[in-house]
Amino acid sequence: MTEYRLLTYRAARGKPAAGVLVGDRIYPAADLAGAGVDASSVLALLQSWDKVHPRLKKAAAKANPKRGVPLAKAELLAPLLYPTALFCAGANYWDHLEEMARAGAAAGLKPGEPWTRPPKPAEPWFFVKTSAHSVIGPGAPIRLPKFSKMVDWEAEIGVVIGRPMRNLTEARAMEAVAGYTIVNDLSARDYIKREGSIFVFDWVGQKCFDGSAPMGPWITPAEFVPPPEDIPVKLWINGTLKQNSNSKLMVHSIREQIAYLSRHVTLRPGDVIATGTPAGVGFARREFLKPGDEIKIEIGGCGTLVNRVAVG
Numbered sequence: 301m302t303e304y305r306l307l308t309y310r311a312a313r314g315k316p317a318a319g320v321l322v323g324d325r326i327y328p329a330a331d332l333a334g335a336g337v338d339a340s341s342v343l344a345l346l347q348s349w350d351k352v353h354p355r356l357k358k359a360a361a362k363a364n365p366k367r368g369v370p371l372a373k374a375e376l377l378a379p380l381l382y383p384t385a386l387f388c389a390g391a392n393y394w395d396h397l398e399e400m401a402r403a404g405a406a407a408g409l410k411p412g413e414p415w416t417r418p419p420k421p422a423e424p425w426f427f428v429k430t431s432a433h434s435v436i437g438p439g440a441p442i443r444l445p446k447f448s449k450m451v452d453w454e455a456e457i458g459v460v461i462g463r464p465m466r467n468l469t470e471a472r473a474m475e476a477v478a479g480y481t482i483v484n485d486l487s488a489r490d491y492i493k494r495e496g497s498i499f500v501f502d503w504v505g506q507k508c509f510d511g512s513a514p515m516g517p518w519i520t521p522a523e524f525v526p527p528p529e530d531i532p533v534k535l536w537i538n539g540t541l542k543q544n545s546n547s548k549l550m551v552h553s554i555r556e557q558i559a560y561l562s563r564h565v566t567l568r569p570g571d572v573i574a575t576g577t578p579a580g581v582g583f584a585r586r587e588f589l590k591p592g593d594e595i596k597i598e599i600g601g602c603g604t605l606v607n608r609v610a611v612g
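Quick note on numbering: the working numbering labels position 235 of the sequence shown as 535, and the sequence is numbered without any gaps.
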């Protein structure tokens with residue numbers, strides 16, 4: 301079976317275009333999707349996913365390796381320009397819950413005090429991150445906001461919705477999914493809480509700033525990714541491994557997250573669910589991003605997302 305990936309790249313005259321990656325070559329999606337399909341963007345392709353996916357899979361098997369654009373010579377943009385919604389799961393890995401408790405972000409532990417896993421919450425917890433303001437693509441520079449001195453990394457599995465769905469059961473939840481991508485949920489940790497506010501937690505201040513959601517490098521169709529209950533997640537800062545975990549440590553599984561969201565809103569093609577981050581964030585070590593840092597994230601089946609923090 302020939303695999304493919306869906307991406308956005310800068311084509312002729314610098315315009316964004318939907319592309320299909322087969323091996324190490326990028327082909328214009330319009331050439332592979334066939335007649336009667338809007339291939340003007342990745343979002344448009346997702347809106348016809350049931351028709352598009354079988355066509356692209358068939359076309360990928362016949363793609364001429366002498367044609368297309370070499371991946372090494374292409375400028376990739378965020379695969380979705382831009383998600384119709386970006387839902388982010390909070391506190392959704394058991395190992396991350398423990399490290400944040402030890403760091404004093406939640407119910408703080410005394411030095412040496414053992415951590416006891418709390419009861420599993422009845423439902424997952426989400427916040428919404430801005431899309432056009434926050435999403436940047438692979439290789440794009442991360443510009444640290446001037447208001448924060450504590451910008452942290454968070455490697456996350458991004459679930460890309462490909463079918464409009466409402467009121468899904470967990471058993472049917474994966475029917476909504478087109479594929480997966482990588483999301484880095486950058487966080488301004490010095491804005492976790494706003495003192496003097498009755499609302500306490502400042503989700504816009506902490507999570508929503510320009511470039512706070514690097515995403516990419518592409519979307520991998522779900523059938524080419526490991527089972528959702530067993531997807532490895534790794535992140536490196538300047539070559540040092542910081543996060544090394546697996547979706548099996550999620551508090552609420554990907555299926556549970558999709559089902560929960562679908563009870564509240566109709567999930568739509570182009571929505572992205574960032575499913576939470578595992579242990580290994582900077583806050584627990586009091587390490588934060590600085591100009592010149594390189595962040596590399598690998599997620600099973602989804603490729604590698606690399607961004608550097610801008611200097612100056």
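For each residue, glycine too, the CB sits at the ideal point set by N, CA and C.
Using 10 angstroms around the beta-carbon of E529, count the other beta-carbons present and answer buried if the total reaches 16, otherwise exposed.
Around the beta carbon of E529, fewer than 16 other beta carbons sit within 10 angstroms, so the residue counts as exposed.
When the Cα atoms are used, what is the spatial distance from V320 to L589?
33 angstroms
DSSP beta-bridge partners of C388:
F427 and A574
Suppose the cutoff is 6 angstroms on Cβ atoms and the five residues either side in sequence are ignored; what does the same chain contact list for P532 look like?
The residues N546 and G600, in chain order, have a CB closer than 6 angstroms to that of P532 in the same chain once the five nearest residues on each side in sequence are set aside.
Could you round the C-beta distance between A318 and A339 to whole angstroms and report it? I think they count as a contact, below 8 angstroms.
6 angstroms
Cα-Cα separation between E399 and G479, rounded to whole angstroms:
30 angstroms
By Cβ distance below 7 angstroms, which residues in the same chain neighbour P370 in space, the five residues on each side in sequence not counted?
D324 and R325
Do Q557 and A389 have their CB atoms nearer than 8 angstroms?
Taking 8 angstroms as the cut-off, the beta carbon of Q557 is found closer than this to the beta carbon of A389.
Host beta strand (DSSP E) of Q543 (start-end):
T540 to N546
Assigned secondary structure, K534 (DSSP; H/G/I helix, E/B strand, else coil):
strand
For the candidate residues E523, G368, L486 and R463, whose alpha-carbon lies nearest to that of S448?
With distances taken between Cα atoms, S448 lies closest to L486.
Could you give the DSSP three-state label for R608: helix, strand or coil?
Of the three classes helix, strand and coil, the one that applies to R608 here is strand, per DSSP.
On the CB-based measure, 16 or more other CB atoms within 10 Å of its CB, does L264 come out buried or exposed?
The structure shown does not extend to residue 264, since the chain is modelled only from 301 to 612, so the question has no answer here.
On the premise that G576 lies in contact with E456, defined as a C-beta separation below 8 angstroms, what is that separation, rounded to the nearest angstrom?
6 angstroms
Bridge partners of A318, per DSSP?
T308
What is the residue span of the alpha helix (DSSP H) that A360 lies within?
W349 to A361
L518 versus R555 - alpha carbon distance
A small fix is needed here, since residue 518 is Trp in this sequence, not Leu. Going by the C-alpha atoms only, they are around 22 angstroms apart.
What first and last residue would you give for the beta strand (DSSP E) that runs through W518?
A513 to P521
Relative to the alpha-carbon of P414, which residue among A330, A574, A401 and A432 has its alpha-carbon at the smallest distance?
Among A330, A574, A401 and A432, the Cα nearest to that of P414 belongs to A401.
Taking Cβ to Cβ, would you say P383 is nearer than 8 angstroms to G570?
yes
Do the CB positions of G511 and I436 come within less than 8 angstroms of each other?
yes
What residues match up with E456 in a beta bridge as DSSP calls it?
According to DSSP, E456 bridges with V483.
Run through DSSP, which three-state label would V342 get?
helix
Using the C-alpha atoms, what's the distance from A361 back to M301?
Going by the C-alpha atoms only, they are around 7 angstroms apart.
By DSSP, does L381 sit in helix, in strand, or in coil?
coil
Residues near E303 by beta carbon distance below 6 angstroms, same chain, minus five either side
F524
Can you give me the Cβ contacts of A374 inside the same chain, cut-off strictly under 8 angstroms, excluding the 5 residues immediately before and after it?
Y309, R310, G319 and I326
Assuming Y327 is part of the beta strand (DSSP E), what are its boundary residues?
R325 to P328
Can the beta-carbon of I442 be found closer than 8 angstroms to that of G458?
no
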